[in-house]
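For the sequence shown, the UniProt record's numbering gives the first residue as 1, with consecutive numbering after it. Positions of the beta carbon are idealized from the N, C-alpha and C atoms, including for glycine. Take a look at the structure below.
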Amino acid sequence: MAALERPVTATFPRILELPSGLKLEVSLTPPGPVTELDEERGVASLPGRRLAVCLHPWARLGGNMDDPVLAALLRPLTHYHKFYVLCYNARGVGLSSGWKSFTGLQEAEDLRELVKCAVKRLNDVREVVLIGYSNGALTASLHPVLPAPLLTTHILISYPLGPRGLLTAFRSRTYQRALEDLVQQPGARVLLCQGDADDFTAAEAYDAWAEALGQLAAGGDDTTGEGDNEEEQETGGEGVGEGWSAERGGNVLEVVRIPGASHFWGGQAMRGLIEAVTQFLT
1 MAALERPVTA TFPRILELPS GLKLEVSLTP PGPVTELDEE RGVASLPGRR LAVCLHPWAR
61 LGGNMDDPVL AALLRPLTHY HKFYVLCYNA RGVGLSSGWK SFTGLQEAED LRELVKCAVK
121 RLNDVREVVL IGYSNGALTA SLHPVLPAPL LTTHILISYP LGPRGLLTAF RSRTYQRALE
181 DLVQQPGARV LLCQGDADDF TAAEAYDAWA EALGQLAAGG DDTTGEGDNE EEQETGGEGV
241 GEGWSAERGG NVLEVVRIPG ASHFWGGQAM RGLIEAVTQF LT
């Protein structure tokens, strides 16, 4: 197929200084070239740019923007979905300035600044997707839905429910309230991806937690049924685990559990993760 050139119209320095003065080491990968197949799918005619911001695992255990799980999502995001993908090292990691916090709350403020800066630099952004893996999912979950007309999607991979208290200096309730608020915010689109063999969170505990979030996303104790639709459904597609979605109006919470997948998504589990993310963004 002939490839249609898609020029890069915005660049990021390797070290990006935020308005707060914090300097973050970043890497921006532009969308792949638009092919004839993309034209047939209607991707080339979509208005505005799509931006994905990737958040790495816990820095105190070596997490950084070159994490292999995030790296595996790079090509599907840039070539199939035509995203600009922004990866970065959190404060105190790599060439980023500052110190790692114990609660993760400062990292959440950094993320808000970074998203604002990235949207401004790229210009004409219509959609922002926040992809947090492991501890990065905690940080991403604290970011609110952006004001319209921007579309906001949260993809939380291997959310560390089990060790959450230890990772946040016992601020577990703060993070739980933020996530509960997120799934109820107008325009929220949230995907939770978890393996049923996660090393840090038992499948039963995760299922009960996700089900409670689903009830909130679908309207809580509302018994009228007006505008609400909560249903269990298979995710679909070869290699993808079963899941369900809770919907209310324009809000969506989808939960996908991949059979046999550990916290680290080795082997065939990665294929299921990529398929789940791809389906949700399509």
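Query, Result
"Just to confirm, is the Cβ distance from H56 to L70 under 8 Å?", "yes"
"To test your reading of the DSSP string, which unbroken beta strand (DSSP E) runs of 3 or more residues are found completely within the segment 124-159?", "125-133 and 151-157"
"Quick one: what does DSSP say T11 is sitting in, helix, strand or coil?", "coil"
"Tell me the DSSP secondary structure of W209 in three-state form.", "helix"
"Go through its chain and collect everything with a Cβ distance to L179's Cβ below 8 Å, but skip five positions before and after it.", "S141 and L213"
"Which first and last residues belong to the alpha helix (DSSP H) in which R189 is found?", "No alpha helix (DSSP H) contains R189, which is instead part of the beta strand (DSSP E) from R189 to G195."
"Spatial neighbours of R112 within its chain, please: CB distance less than 7 Å, with the 5 preceding and 5 following residues excluded, ordered by chain position.", "H143"
"Using 10 angstroms around the beta-carbon of A269, count the other beta-carbons present and answer buried if the total reaches 16, otherwise exposed.", "buried"
"On the three-pair Cβ rule with 8 Å, is the segment 257-277 touching the segment 188-201?", "yes"
"What are the start and end residues of each continuous beta strand (DSSP E) run of 3 or more residues lying completely inside the segment 48-131, in chain order?", "49-55 and 83-88"
"Taking the continuous beta strand (DSSP E) assigned at T174, which residues delimit it?", "Counting along the chain, T174 falls outside any beta strand (DSSP E), though it belongs to the alpha helix (DSSP H) covering S172 to Q184."
"Spell out the partners DSSP gives L265 in its beta bridges.", "As written in the sequence, residue 265 is Trp, which differs from the Leu given in the question. Note: W265 sits in no beta bridge, so no partner."
"Just mark N89 as buried or exposed, buried being the case when its beta carbon has 16 or more other beta carbons within 10 Å.", "buried"
"If you reduce the DSSP assignment to three classes, tell me which class T168 lands in.", "coil"
"From I106 to V115, what does the alpha carbon distance come to, in whole angstroms?", "Ile is not the amino acid found at residue 106; the sequence shown has Gln there. Roughly 14 Å separates the two Cα atoms."
"Give the range of the beta strand (DSSP E) segment to which L28 is assigned.", "K23 to T29"
"With distances taken Cα to Cα, identify the nearest neighbour of G249 among G92, R189, R60 and N135.", "R189"
"Near R171, which residues of its chain fall below 6 Å by C-beta distance, leaving aside the five closest residues on each side in sequence?", "T103"
"Report the three-state DSSP secondary structure of A246 (helix, strand or coil).", "strand"
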